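Chains as they are written, first to last, in the numbering used here: chain A, 124 to 629; chain B, 66 to 163; chain C, 882 to 1518.
Structure first, then comments.
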Amino acid sequence: MFENYLSIMIFVPILTGLALLLLPVSREAARALGLAVSVIVVLLGLKVFVAYDGASGGFEFTEHAVVNESLGIAYSLGVDGISILVLAAAALLFPMVYLLFATRAKGYYANLLIVQGAMIGALAATDMVLFYVFWEVMLLPIFFMIGLYGGPRRFPAAIKITIYTIAGSLLMLASLIYLGIAYHDQSGQWSFAMENLSAMSLAGPTATLAFIGFMIAFAIKIPLFPFHTWLPDAYTEAPTATTFVLSAVMAKIGVYGVIRFVVPVFDESFARYALILACSGVVGMMYCGIAALAQKDMKRMLAFSSASHMGIIALGIFCMNVQALTGTLYQIVAHATSTGVIFLMLGIIEERTDTRTIDDFGGMAAKAPVLAFFFAVAMLASVGLPGTSGFIGEFLIILGAVKFNPLIALFAGTTLIIGVCYMLWLFQRVFFETTNPRLEHFRDLTAVEMLTLLPIVILIIVMGVFPQPFIKKIEPSAQQQLAAISTTTHIAGTAQAGPNLKTGEL
Amino acid sequence: MINNYLALSIVLFCLGILGVVSRRNVFVVFMAIELMLNAANLGFVAVSRLHVNMDGHVLALMVMAVAAAEAALALAVIILLHKHKGNLDTNIFSLLKG
Amino acid sequence: MVHNVSYLGFIPLLPLAGALILGLMYLATCQGKQISERLYGILGCIGPVLSFFMALRVFFSLRGLPEQERFLSHVAYTWFSTGELDIPMGFLADPLSAIMLLFVTFVGSLIHIYSIGYMKGDARYGKFFAYLNLFLGSMLILVLGDGPVVMFVGWEGVGLCSYLLIGFWSDDRSNVMAGNKAFIVNRIGDLGFVLGMGFLFWGIGADGFDYLSLKANAQNLTAPVGLVVCLLLFVGATGKSAQIPLYVWLPDAMAGPTPVSALIHAATMVTAGVYMVARFSFLYAHVPAAGEIVAWIGMLTALLAAIFGMYQDDIKKILAYSTVSQLGYMFAGVGVAAYSAGIFHVFTHAFFKALLFLAAGSVIIALHHEQNIWKMGGLRSKLPTTYKTMLIGGLALAGCPPFAGFFSKDEILYSALASGHVLIWMIGVVVAGMTAYYTFRMIFVVFHGTPRDQEAFDHAHESPKVMTVPLVILAIGSVFAGFYNLPAIFGGHQKFSHWLAPSLVEHHPHGGVGLEILAVAASVVAFVIGVSIAYRKFSVPVAEPVYKGFNKFGYHKFYVDELYHTVIVRPYQFIGKAISRAIEPFVIDAPVQASGWLYRMFGLAFKVFQAGYVKVYAIYMVIGLSVLSLLVSQSLN
């Protein structure tokens, strides 16, 4: 019938969103249209996910069109094991927002559509300029959604996230231009295609600077410690759907960017600075995890929790072995589902009670057992309990970290403890103990809400019990991505200084 | 010979500048600007004559056309300004203050 | 030789399915019309009982095989695999897991039946059985899982259920806090477990991460890595099995309903650590230093917990500390490489400690949830069955020959002595005396003497059949379980140890008959001394004592909880607050805020030039143009 699945998934939401902004449509119609488009994207996303074979590790569903021949910029798309799961998450999670939050402004739904298209674009782009364009486009709707529909302190938060991210993006742009010129110098042609750039061998201080430029851009988006300070404000002030988008998908695109672009292009610098980056991930995990315990606002606590998890997810990249990298790619989606469900339920709770302060809650399990059950499943996935999606990724990352550096692994492992500390405390204060009088008339999830969240809750369990079908799709690409590193690092003599546990040299 | 023309042009131009800077009435400021335009025209024509080349004339005619269009627009703006504040003192209009 | 049997996977699956069904039923009806308790009770017991029969089938099919072929396994599917790592969802039934399987399902089924009576009238009846089923399923995964990762699934699963069941009466804050404490402390241990798995994998796991492959490759593990692996795994065991320094959660865990204490916090889950060490006997056998540490930690825990046990007021806490203490014995056993002795104590302990808890539960129900022994007394006449069964349990725990606990404890102490750990043995004998003392202190105060609370005494009545029948069955087990491993000096053949031999890597020490008699004699003497002191002090009516000096120190459990609170919990909270109130805004975010501030300052500075008057701008233009033309003319010249 047609083959440009990815293009459709990108441009139908974006164009619908733009049309919604321009046309005088009622918000009910906007919501219905948004839901319809997001369902179409879900169907296409499922089609892509199921049809993606992945055994070769190469790109599938490729599309290619030259945009500017003299500069070598092309409109080229493709999916491989690195992007398939994130792409699926970006495609599948959105209908929930339209279903759960029915009374928002037209522009809210329009921006949601645009951001979804842009994120899918960023994930599917295999040309770096194209990636950069989508990368910037996806920021704008976020700015408007926070600035227009956010909480009481929305303006500083919106400006902070926007300027912070753009500052990083500009560094990336400069580095990108450097890459183009370097490629032109080496081959006499202009190109920004991924496969061309990653085939280059870069050396010297300028290459390191370019590496740092890319790394900072992605580190801000992920966010890696100490570039995370926009996150608590933005997550807290943003409307729930935006927080959901930010934490479930957008942060993951930062991680994805590191794996997709930084690892193959700057293999040598990456290997050299991996230890520092890994430390940053671990410190961020512990720092944000401990800070989460001291929060009084549920959303802010979960924002810190999200940042904490991103630290451990990022760590998986820096360990440079296939277990950790697969774990990261898996954890990206596992975390998207668990944290996504949690933020959505938080949105539901907030709509019903008009408060997020933990002290205003208590005993909700008695009032809303289904909500409590769903929350508990997501919470357990978030603390990495085996049998839920959260365990597989975390386990693989820690396993990989042991090979990379046992000390890092030890500190990374504390995520097991830090996570439960604040999560159990939150669960206790909100769902257990005696019922707070404020919640006397709190009602449980409605049928629509239950049916909306149920697929994700089931997915959390399924991904914990049957992870192999997912891992099978990502593993070959992860292997390939690392093959580049291992060859160059051996040549450059910067192989990681990890212990060899086989021979027992600790 | 050319120097005299250019000297006159510069003198006219400086008078225009002085007018713009020192006068407070918007209308007078506008006339001073016209003076500056014409000073430039004089320069164009003089140099054109020197080089025996019609480019300068073309530019002068062009400037005149632009000046005419600008006059039409500017007068309309001035009338609106007067309607708005009832006065044409430039010091009243300081909306651009940082 | 490994035999593939596909029904292995169903053993844990049955209770898990029960948990799912019960849970959904409860969720669907908890706010409307309640389903009858009878239905929940029957549904709740089906899974465990069926699992028990399947466990019997496993046991007998193993018995039918030649000794070295007693391995049944089943790989359900590939759980996950990436690179060298390959983790199948595999189950292994060998003699060791068969024993665990048998008593876990047996005791589990009995406690499910007992709970039908105990939980009567509770608003969350269905939820309780769902959790209990979930626990049993997880425990069976723990026991049956082939390889440390699958074991970890059960390991964490039982931890979760423990958390949920400790805080089962979640309206009370302290119950939930106790649950949190259990989960968090267990997680500290789990960190060790996970890291241990990591080291083990990168050492020898690439050729297969199931027990039999690991066992085959164990000699390839170098000594330092082996030591690290053993110690890290043991950290996991100290968490789950409540050993020093992570024992603090178990006494608090008594906040849960009594059947939970009996099943999870006495008979099954807390012994998982011992099972794990025995399971990895092929590693520990290579690293004697690790075993030494395990044995010492175990024996010191036994001593410490026994001291605390002597001062407790709460009947369940006495039993809780006694559990910690007995677990210490088990670790001492596996630590001195007497794995079968340790597991044997796990086995007998499951009977008598479950019995003691259930009997205590019967007392507690009879007195309407009174747990303080100083409010009891003289209950012998009111609760005859409970008294008799508890007495049997007490005798078994205290190590009175010929009850179950005597043989298993004696086996451990003898192994310690015969393997040259004389100091450990001596502490063990002292602890045995203390055990006898605090057990009979409890029994005498509760059942003998005169009633201390006459009104409660008058209303007390014996529990229904559904509760006393399990007591009687367990009492029979407590009497006879010990005969399964009779040593040679009592005319036995150590059948239990021989049965376990294919699963373990162990060398039975031969200390000679003299040492054996010495060990037995010392144990008996310790028992007699302990009981007689308890008899002298508590068989007569006594009031609640007031503790002074060292006794007060012991009564307050050496202030360990307070110490942990001050040294770990408070600083942790302080750091959290410091980060979110000081470090985050004033250190990490400061450069970001400063850059914004700098921009604003620049703006303020340049604002001066923006007067807003047209002629000022005109002057700027003139100046600019003049400078520009000056520059141009300069460069032209």
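Note that CB positions come from ideal geometry on N, CA and C, so glycine has one too.
Computed from a predicted model, the values in this text were never measured in an experiment.
In summary, Pro896/C is buried, with 16 or more beta-carbon neighbours lying within 10 Å of its beta-carbon over all protein chains present. Scanning chain C for C-beta atoms nearer than 9 angstroms to the C-beta of Ser113/B yields nothing, as the closest lies near 21 angstroms away. The segment 497-513 of chain A and the segment 523-542 of chain A touch, with no fewer than 3 CB-CB distances between them shorter than 8 angstroms.
Taking C-beta separations shorter than 8 angstroms and ignoring five residues to either side along the sequence, the partners of Leu1108/C in its chain run Val1168, Ala1170 and Ala1171, following chain order. Looking at the DSSP output, Gly1026/C shares a beta bridge with Phe972/C.
Here Phe92/B has Ile143 and Leu153 as same chain residues with Cβ atoms under 8 angstroms from its own Cβ, once five neighbours each way along the sequence are excluded. Of all C-beta pairs linking the segment 192-199 of chain A to the segment 582-590 of chain A, fewer than three are shorter than 8 angstroms, placing the two stretches out of contact. Chain order gives the chain C residues near Phe158/B as Gly1493, Tyr1494 and Val1495, where near means a beta carbon separation below 9 angstroms. Trp1177/C sits buried, since 16 or more C-beta atoms from the chains shown fall within 10 Å of its C-beta.
Note: Asn191/A is bridge-paired with Ile196/A in the DSSP secondary-structure output. The alpha-carbon separation between Thr352/A and Leu293/A amounts to approximately 19 angstroms. Residue nearest to His1342/C within the set Leu1512/C, Tyr888/C, Ile1410/C and Arg1261/C is Arg1261/C (criterion: CA-CA distance). Going by C-alpha positions, Ser370/A is about 47 angstroms away from Phe1238/C. Taking a Cβ-Cβ threshold of 7 angstroms, the residues of chain A close to Asp1470/C are Thr352, in chain order. Separation of Phe337/A and Tyr301/A (C-alpha to C-alpha, rounded to the nearest whole angstrom) is 11 angstroms. Within the segment 1457-1469 of chain C, no residue has its Cβ closer than 7 angstroms to any Cβ of chain B. Two segments are said to touch when three or more pairs of C-beta atoms, one from each, lie closer than 8 angstroms; by this definition the segment 1215-1222 of chain C does not touch the segment 1243-1258 of chain C.
Annotation: Leu576/A to Ser429/A spans about 19 angstroms, alpha carbon to alpha carbon. Taken atom to atom, the span from the alpha-carbon of Ile205/A to that of Phe1189/C is near 56 angstroms.
In the three-state reduction of the DSSP assignment, Trp1380/C falls in the helix class, which pools H, G and I. Where Ala957/C is concerned, the enclosing beta strand (DSSP E) starts and stops at Leu953 to Thr963.
Using a CB distance below 7 angstroms, the part of the segment 1055-1074 of chain C facing chain A consists of Val1057, Asn1061, Phe1064, Ile1065, Arg1068, Ile1069, Asp1071 and Leu1072, ordered along the chain. For the C-beta of Ile1500/C, the chain B residues within less than 7 angstroms are, from N- to C-terminus, Val86. In the structure shown, Thr1149/C falls within a coil segment according to DSSP collapsed to helix, strand and coil. Secondary-structure assignment with DSSP links Val585/A through no beta bridge to anything. Residue Phe224/A holds the alpha-carbon nearest to the alpha-carbon of Arg154/A among Thr249/A, Phe224/A, Ala316/A and Lys490/A. The C-beta of Leu982/C comes no closer than 7 angstroms to any C-beta of chain A.
As a beta-bridge residue in DSSP terms, Ala316/A pairs with Asp250/A.
The beta carbon of Ala401/A sits closer than 8 angstroms to those of Leu438, Phe441, Cys442, Ala524, Phe527, Asn528 and Ile531, all from its chain and outside the five residues before and after it, given in chain order.
Pairing Leu901/C with Gly1038/C, the inter-Cα distance amounts to about 14 angstroms. Met1191/C places its beta carbon less than 7 angstroms from that of Tyr1319/C. Judged by DSSP in its simplified three-state form, His884/C adopts strand. Leu1164/C has no beta-bridge partner at all, per DSSP. Contact between Glu556/A and Arg1054/C holds: their C-beta atoms lie close to 5 angstroms from each other, under 8 angstroms. Listed along the chain, the chain A residues whose CB falls inside 8 angstroms of the CB of Gln1454/C are Leu416 and Ala417. Contact annotation: Ala1201/C and Gly1179/C have beta-carbon atoms that are not nearer than 7 angstroms.
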